[in-house]
Structure formats: structure tokens, C-alpha cells
């Protein structure tokens, strides 16, 4: 699976995806993450990709043209790669890469959506900035707007990383073992490890006895109760 991320700050994406589980998955070629500097598609010598919004209002808006150029360029690269691998071009034309725009007003991102997205071979994510992206880009690219929560962030890089991280976990081999998928087993938000007895400011805090009992049915029941409660 390959993620193509269009952003004004590639270093943010690269710093996170080059480390830990994602970094290991990339090295093992179970995952591919590519970044693209949006300014390179500005169409002007200054690399200017934003303009003031029509109708007035504060802030700036990302222009549609650079976003469209960047996405189309990525699609061309994917098509060329497929031709080299002797893919049927007609199949490529029918199955276009998924295009996502990060947006506070988009469809809520969920684990179910991540599972579905993990079935895609190529996903293009455009990181929003400023007051957003010219709405015509979404229509022209047939893109889907995705929100990672009911709040406003400075830019779309963090949402893009949330989408990549949650989706990558669903790709076979990325986590190593299925048991590492918390959503695939009965889990509690409360977890415990050594020491069994923790003393802080004169107070004793113990691990629940059931977790030490070895009785798996009771342990699962406790975890299920804590999770739902």
C-alpha cells in the first residue's frame, strides 16, 4: 500500500513515518509513504499557493490549481509504474487512486473507515492549510473530505498522519502479529504492568487480583466491563 501526501511541510510527515512501527514497515516494504511539496506545483516562480477568499473574511485559501496539478502528476506516475509492471491500463482507468482532502468539515474518520481504506493500493492525501482548499478542487478531483475530530487544527499534516497510522495498522504484516491489533481482541482502556504493588506518597496501589489469577474468562470479562463502563 502506498500513501502519497501533498503538503507544505513534508518534513512533518517524514519525521513521524520514518520512525517506530511505520518506519520499520517502510523499510520492510510492507508500506510506502511518499511526500510532495505543494509549492512545486504552484505554477509561479514564487511558489505561492494561496490567495484571499472571495466574499471576504480572514485568512487565506489554498488555490485549486496547485492541488489539481499535484494530484494529476501523482496519478501519471502511478500509471507509468503500472505500465512497467505490465498492468492492464483499462483496469487502472477503472480503478483510480483514492483522493482524500483533510478538512474539519469532512466525513468523520473512524476505525471502520481505516479498515476499508487499507484495501486500497494507492491513496493520495492532500493536507489542508489556512482556511481550507478551494472547493472546486474537491469537485474536479472527485475527492473525499475527511475529518479526524470536531476541532480545528493548524494544518492537515496531523490529520494525515492519523489516517496513515490507523490505516497502516490494518495492512497485513505491518504490526507483525494480529494480537497487536487492540480492536481485534477484548481490550480495556485500563492496562497494568509491573510492579504488582505501587507505592506513591504513602498510598498503596495494587494490580486487580483477577489479572493475576490466570483465569482468562474472568480476565476477559473484567476487561470487557472496564471497556464498556
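In full-length UniProt numbering, the protein residues as written are 1 to 229. Glycine residues also receive a C-beta, built at the ideal position from the N, C-alpha and C atoms.
Would you identify the three-state DSSP class for residue 23, choosing helix, strand or coil? Note: residue 23 maps to helix in three-state DSSP.
Nearer than 7 Å: is that true of the beta carbon of residue 121 relative to any heavy atom of the ligand COA? Among the components modelled here there is no ligand, and therefore nothing to report on the ligand COA.
Pull up the distance between the alpha-carbon of residue 131 and that of residue 61, whole angstroms please. Going by the C-alpha atoms only, they are around 5 Å apart.
Should residue 17 and residue 163 be called a contact, given that it needs their Cβ atoms to be closer than 8 Å? Judged by their CB atoms, residue 17 and residue 163 are not nearer to each other than the 8 Å cut-off.
Can you have a look at residue 72 and say buried or exposed, based on whether 16 or more other CB atoms are within 10 angstroms of its CB? When all chains shown are included, residue 72 counts as exposed.
Are residue 21 and residue 35 close, meaning C-beta to C-beta below 8 Å? Going by C-beta atoms, residue 21 is not nearer than 8 Å to residue 35.
Please look up how many angstroms separate the CB atoms of residue 156 and residue 127, rounded, as I've assumed it's under 8 Å. With 8 Å as the limit, residue 156 and residue 127 qualify as a contact, their Cβ atoms being about 3 Å apart.
Which residues mark the beginning and the end of the alpha helix (DSSP H) in which residue 136 is found? Going by DSSP, residue 136 is part of the alpha helix (DSSP H) stretching over 135 to 141.
Under 8 Å, do residue 78 and residue 98 count as touching if we go by C-beta distance? No, they are not a contact pair.
Look at the alpha carbon of residue 204 and the alpha carbon of residue 170, and state the distance between them as a whole number of angstroms. Rounded to the nearest angstrom, the two C-alpha atoms are 39 Å apart.
For residue 48 and residue 3, I'd like the C-alpha separation in whole angstroms. One alpha carbon belongs to residue 48, the other to residue 3, and they sit about 25 Å apart.
Cβ neighbour criterion (16 or more within 10 Å) applied to residue 31: Under this definition residue 31 is a buried residue.
Kindly give me the distance between the Cβ atoms of residue 1 and residue 144, rounded to whole angstroms, as I take these residues to be in contact under 8 Å. Not really, about 17 Å apart at Cβ, beyond 8 Å.
What is the rounded straight-line gap between the Cα of residue 52 and the Cα of residue 152? Roughly 20 Å between the two C-alpha positions.
Within 10 Å of its beta-carbon, does residue 108 have 16 or more other beta-carbons around it, so buried, or fewer, so exposed? Residue 108 is exposed by the Cβ-count criterion.
I need the boundaries of the beta strand (DSSP E) containing residue 145, first residue and last residue. Counting along the chain, the beta strand (DSSP E) containing residue 145 begins and ends at 144 to 147.
Classify residue 114: buried if its beta carbon has 16 or more other beta carbons within 10 angstroms, exposed otherwise. With 16 or more Cβ atoms within 10 Å of its Cβ, residue 114 is classed as buried.
CA nearest to the CA of residue 38, picked from 111, 136, 64 and 225: The shortest Cα separation from residue 38 among 111, 136, 64 and 225 belongs to 64.
So residue 124 is in the beta strand (DSSP E); what residue range does that whole segment cover? Its beta strand (DSSP E) spans residues 122 to 126.
Output the distance between the C-alpha atoms of residue 166 and residue 111, rounded to the nearest integer angstrom. In a straight line, the C-alpha of residue 166 is about 7 Å away from that of residue 111.
Of the listed residues 215, 66 and 195, nearest to residue 206 (C-alpha basis): Among 215, 66 and 195, the Cα nearest to that of residue 206 is on 195.
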